[in-house]
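Participant:
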Amino acid sequence: MDLKGKKVVITGADGFIGSYLTEKLIEIGADVTALVQYNSFNSWGNIDDFSEDKKNATKVVSGNVRDYDSMRRLIKGSEVVFHLASLIAIPYSYDSPMAYVKTNVEGTTNVLEACREWGVEKIIHTSTSETYGTALYVPIDEKHPMQAQSPYSAAKIAADMMAESFYRSFNLPVATIRPFNTYGPRQSARAVIPTIMSQVIAGKEEIKLGALSPLRDFNYVKDTAEAFIKIAESDKTIGEVINAASNSEISIGDLANKIFKISGRDIKIICDEERIRPEKSEVNRLFGDNKKILELTDWKPNYSLDQGLEETYRWIEKNMNRFKVDIYNK
1 MDLKGKKVVI TGADGFIGSY LTEKLIEIGA DVTALVQYNS FNSWGNIDDF
51 SEDKKNATKV VSGNVRDYDS MRRLIKGSEV VFHLASLIAI PYSYDSPMAY
101 VKTNVEGTTN VLEACREWGV EKIIHTSTSE TYGTALYVPI DEKHPMQAQS
151 PYSAAKIAAD MMAESFYRSF NLPVATIRPF NTYGPRQSAR AVIPTIMSQV
201 IAGKEEIKLG ALSPLRDFNY VKDTAEAFIK IAESDKTIGE VINAASNSEI
251 SIGDLANKIF KISGRDIKII CDEERIRPEK SEVNRLFGDN KKILELTDWK
301 PNYSLDQGLE ETYRWIEKNM NRFKVDIYNK
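Note that the sequence shown covers residues 1 to 330 in the UniProt record's numbering.
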């Protein structure tokens, strides 16, 4: 599928990954409608940081995936839908699990049902590597069992199953992308890399983190956005679940030391009990197998971890007004 000229809807376009995907689609020449979450400040999230020409090329619609009627209006006439809107913070899912069901499960069902009603040509549904839970074997391929180790991951598993059911029940042309840990400029401090970097750049001699031993597979956000594009373009991806992974891993402790090296400072880490997940909820290892995406598309990661960390660090240096380093961002 050639996305140039296609009428494309992106839910969650104001978010971290969604904003990069929106920019990429504009560059390709797609006709983009971007759903942002309604708020009384008329904020478009990360779209507010776009250049004026990209803002002008984007039709921005405020709404909420929880509302079926607004999804029906939004998706009418579209040809391709990228569904990224989701509640994503794991710690907050312990406080408000029902909110995750309403947004991630009911919201996804609303999007799928609207796509079915209007005969959308292709839907890219966004999953997460958290659905796998702690690795039972590595590298984790798409056949790995799913394990609900947090209310967030449970809601995403349910959303994935709804996407699969619409493919099997109604022949809806859905492909599911399962990104591993994405990072980069614009990411909030609810994620570990900006949490570390913002504390370091603020001049902290001691930084607060949760567990240091978990292993993660990190992907630079521009690589993740490109994976969305490649999965949408490929005719081989319908009905498939596809990892977007770097096929490598690093511990949180070693990651912090890499960031300290960029800063040129020696910094002490303090384990903050508030930031540690419940024992059975902690995902100890995520190391993704990316063979399937390499076979079905011509995607490959272009950024090394060192390159991505350097770019992210420099962006956070220039945008420290976005970070409240003395407050734990769930």
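Note that CB positions come from ideal geometry on N, CA and C, so glycine has one too.
(1) Determine the contact status of Lys230 and Thr297, defining contact as a CB-CB distance below 9 Å.
(2) Do the region 137-151 and the region 186-194 touch if we need at least three Cβ pairs shorter than 8 Å?
(3) Note down, in chain order, each residue of its chain lying with its Cβ closer than 7 Å to the Cβ of Ala159, except the 5 sequence neighbours on either side.
(4) DSSP three-state call for Phe82: helix, strand or coil?
(5) Measure the C-alpha to C-alpha separation of Arg216 and Asn181 and round it to an integer number of angstroms.
(6) Would you check if there are 3 or more beta carbon pairs closer than 8 Å linking the region 58-74 to the region 244-261?
(7) Do the region 108-125 and the region 45-56 make contact, defined as three or more Cβ pairs closer than 8 Å?
(8) What are the boundary residues of the alpha helix (DSSP H) that includes Pro97?
(9) Over the uninterrupted alpha helix (DSSP H) stretch that includes Asp31, give me the two end residues.
(10) For my contact list, Gly18 and Gly12 are in at a C-beta cut-off of 8 Å; report their separation, rounded to the angstrom.
(11) For the beta strand (DSSP E) that contains Glu206, what are its first and last residues?
(12) Determine the DSSP secondary structure at Leu215, reduced to helix, strand or coil.
(13) Check whether the Cβ atoms of Thr195 and Ile157 sit closer than 9 Å, and answer yes or no.
(14) Which term fits Ile327, buried or exposed, when burial requires 16 or more other beta carbons within 10 angstroms of its beta carbon?
(15) Alpha carbon to alpha carbon, how far is Thr176 from Ile207?
(16) Does the beta-carbon distance from Gln199 to Val81 come in below 9 Å?
(17) What's the call for Glu317, buried or exposed, on a 16-neighbour Cβ count within 10 Å?
(18) Let me know if residue 331 comes out buried or exposed under the rule of 16 or more other beta-carbons within 10 Å of its beta-carbon.
(19) Alpha carbon to alpha carbon, how far is Met197 from Met320? Give it in angstroms, no decimals.
(20) Quick one, which of Glu164, Ile270, Gly288 and Arg73 has its alpha-carbon nearest Gly133's?
(21) My guess is that Leu209 and Asp272 are in contact by the Cβ rule of under 8 Å, so how many angstroms apart are they, rounded?
(22) I need the DSSP call for Lys156, collapsed to helix, strand or coil.
(23) If you reduce the DSSP assignment to three classes, tell me which class Ser70 lands in.
(24) Can you have a look at Lys236 and say buried or exposed, based on whether 16 or more other CB atoms are within 10 angstroms of its CB?
(25) Where are the beta strand (DSSP E) runs, 3 residues long or more, that stay fully inside the region 247-316, in chain order?
(26) Using 9 Å as the threshold, is the C-beta distance between Lys330 and Asp95 below it?
(27) Taking only three categories from DSSP, how would you classify Ile242?
Facilitator: Judging by the given coordinates:
(1) yes
(2) no
(3) Asn104, Val105 and Thr108
(4) strand
(5) 7 Å
(6) no
(7) no
(8) Pro97 to Tyr100
(9) Asp31 -> not in any alpha helix (DSSP H); beta strand (DSSP E) instead, spanning Asp31 to Gln37.
(10) 4 Å
(11) Glu206 to Leu209
(12) strand
(13) no
(14) exposed
(15) 36 Å
(16) no
(17) exposed
(18) The requested residue 331 is not part of the displayed model; the chain covers only 1 to 330.
(19) 10 Å
(20) Gly288
(21) 7 Å
(22) helix
(23) helix
(24) exposed
(25) 268-271
(26) yes
(27) strand
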